[in-house]
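One structure below.
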Amino acid sequence: MSKKIFIISALSLLLFACGKKEDNTNIDTLIASKDVKGLQAKKTLIQADLAKIDEALETLDVKTEEALVSVLTVKDTVFSHYLEIQGSVDTKENILVQPEYQGTLIELNVKAGQRVTKGQILGRIDDAGLSQQVASQENQYALAKTTFERQKNLWNQKIGSEIQYLQAQTQMISAQRGVAQIKAQLAKTVIRAPFTGTIDEVFVEKGQVVAPSTQGLMRIVNLTNMYVSTSVPETYIGKLKVGTQVDVILSSLGKTYKGKVRQVGNFVNPSNRSFGIEVSVPNPENLLRPNQVANLKITDYVSNNAVVVPTNVIQEDGQKNKYVFIVTNSNGKTGTAKKAIVKLGQSSDNVTEILSGVSDNDIIVTEGANAVSEGMKLNF
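Letter by letter, the sequence shown follows residues 1372 to 1751 of the numbering used here.
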């Protein structure tokens, strides 16, 4: 097209340059003298020149504009949209072991890194004579029990008073409770593992006087029941439920784990309009640690027969219409560009779902699309 315009301009300029002075003078003279025959002769001459120009253009090989592009054949595929959000790795079994009794630590049976089982004795605190008190209290209980049994036999034989029987019973029950109470106190001097896990760190030494504190005696962690906690915008209420599949990406490990939503919060935080979720994460290699940062990809939409195109090939015209260029009249490595107005769905992983405007097996222009216009010849 540009070459055609150039040829017309060049011929017009040539005619104008050759006859400008003479022709203009003659035409002006003819008009001034009202010479009708002369004007008609001049018109015939000009029309003959224009006919020569048209004839020359018809014989010239005028080429259409072309563009070199890359193309892609669209195929139906499975399209998934993800909610991507950041969370923190945690475990419910991560605690500081506190002493329940104040005293001197006379036994310390574990060290950092050691594996322990639930109920295992981790250490002992000096009981300050509680064990002797247990023996004395048990003797008192045994005597009270014997007294009650004898008094009961007499009462069954209608011997003695009811008050004597009730007093013996009360003394026995009181002594029994005294034994249970002192044994409960003594049990607090034994430090046991609250669950199966690993001793992460020990903060005390044998012989040290210990008491409940913010530091505690040691930290015990179980890495087999890990989860990721995060907050999700309230617009996803109804889209997330227990059992929803989640990709848990640990950038620090270079690994991706398959998890599931195990808990969905029932409260929306009014300050940020979000609700909490917990995603269970397997930890077969024990690489996960509490407080690690995790990126979550939660599937919230799936289409099994979707038409998708690379997001970067979608353009917008002056009327705010979204469009792509498709190839028509395809013949091997050539074709013609056609503008296709499209309706967009959701975007994920640098591709966008096309709801209308592009069909299965259509050929779309990818690289070079910005230099393409409607009807342009394409080479690919």
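Here a beta-carbon is modelled for each residue, glycine too, at the ideal position from N, C-alpha and C. As the structure is a prediction and not an experimental result, all values here were calculated from the model.
### Query
Exposed or buried, which one is residue 1489 when buried takes at least 16 other CB atoms within 10 Å?
exposed
### Task
Measure the C-alpha to C-alpha separation of residue 1408 and residue 1398 and round it to an integer number of angstroms.
12 Å
### Task
Please work out which residues of its chain come closer than 8 Å, Cβ to Cβ, to residue 1614, disregarding the five sequence neighbours upstream and downstream, and give them in chain order.
1631, 1632
### Query
In chain order, what residues of the same chain have a beta carbon less than 6 Å from the beta carbon of residue 1567, not counting five sequence neighbours either side?
1488, 1489
#### Entry: residue 1666 beta carbon less than 8 Å from that of residue 1622
yes
#### Entry: Residues near residue 1593 by beta carbon distance below 8 Å, same chain, minus five either side
1462, 1464, 1465, 1566, 1567, 1568, 1569
#### Entry: Top-ranked residue by Cα proximity to residue 1472, from 1485, 1498, 1484, 1451
1498
### Task
Specify the secondary structure class of residue 1432 as computed by DSSP and reduced to three states.
Bear in mind that the predicted position of residue 1432 carries a pLDDT of just 46, short of 50, making it unreliable; the figure below should be weighed with that in mind. Note: residue 1432 maps to coil in three-state DSSP.
### Task
Output the boundary residues of the beta strand (DSSP E) element that contains residue 1694.
1693 to 1702
### Query
Between residue 1651 and residue 1607, what straight-line distance do the alpha-carbon atoms span, to the nearest angstrom?
19 Å
### Task
Please report the residue range of the alpha helix (DSSP H) in which residue 1523 lies.
1501 to 1527
### Query
So what's residue 1747 in DSSP terms, helix, strand or just coil?
coil
### Query
Can residue 1708 and residue 1729 be called in contact, C-beta distance under 8 Å?
no
### Message
With three or more beta-carbon pairs closer than 8 Å as the criterion, would you say the stretch 1415 to 1425 touches the stretch 1638 to 1649?
### Response
no
### Task
Quick one: give me the first and last residue of the beta strand (DSSP E) that residue 1709 is part of.
1705 to 1712
### C-alpha distance - residue 1720 paired with residue 1453, whole-angstrom precision
9 Å
#### Entry: Continuous beta strand (DSSP E) assignments of at least 3 residues falling wholly in the stretch 1638 to 1674
1645 to 1652
### Message
Could you check whether the stretch 1683 to 1697 touches the stretch 1653 to 1669, counting it as contact only if at least three pairs of C-beta atoms, one from each stretch, sit closer than 8 Å?
### Response
no
### Identity of the residue in 1442, 1584, 1591, 1553 nearest residue 1504 by Cα
1553
### Message
Is it buried or exposed, residue 1519, if we count other Cβ atoms within 10 angstroms and call 16 or more buried?
### Response
buried
### Message
Going by beta-carbon coordinates alone, are residue 1511 and residue 1555 separated by less than 8 Å?
### Response
no
### Task
Give me the Cβ distance between residue 1459 and residue 1662, rounded to the nearest whole Å; I'm assuming they're in contact under 8 Å.
6 Å
### Message
Does residue 1420 come out as helix, strand or coil in the three-state DSSP assignment?
### Response
helix
### Query
Under the rule that 16 or more other beta-carbon atoms within 10 Å means buried, what is residue 1562, buried or exposed?
buried
### Query
According to the Cβ coordinates, are residue 1478 and residue 1494 closer than 8 Å?
yes
### Task
Just tell me which of 1496, 1405, 1639 has its CA closest to the CA of residue 1605.
1639
### Task
Taking residue 1440 and residue 1743 to be in contact with their CB atoms under 8 Å, please state how far apart those CB atoms are, rounded to whole angstroms.
6 Å
### Query
Roughly how many angstroms separate the alpha carbons of residue 1635 and residue 1722, rounded to a whole number?
30 Å
### Query
beta strand (DSSP E) containing residue 1561: first to last residue?
1561 to 1563
#### Entry: Distance CB(residue 1617)-CB(residue 1669) smaller than 8 Å
yes
### Query
What does a CB cutoff of less than 7 Å around residue 1717 pick up in its chain, not counting 5 residues either side in sequence?
1452, 1672, 1724
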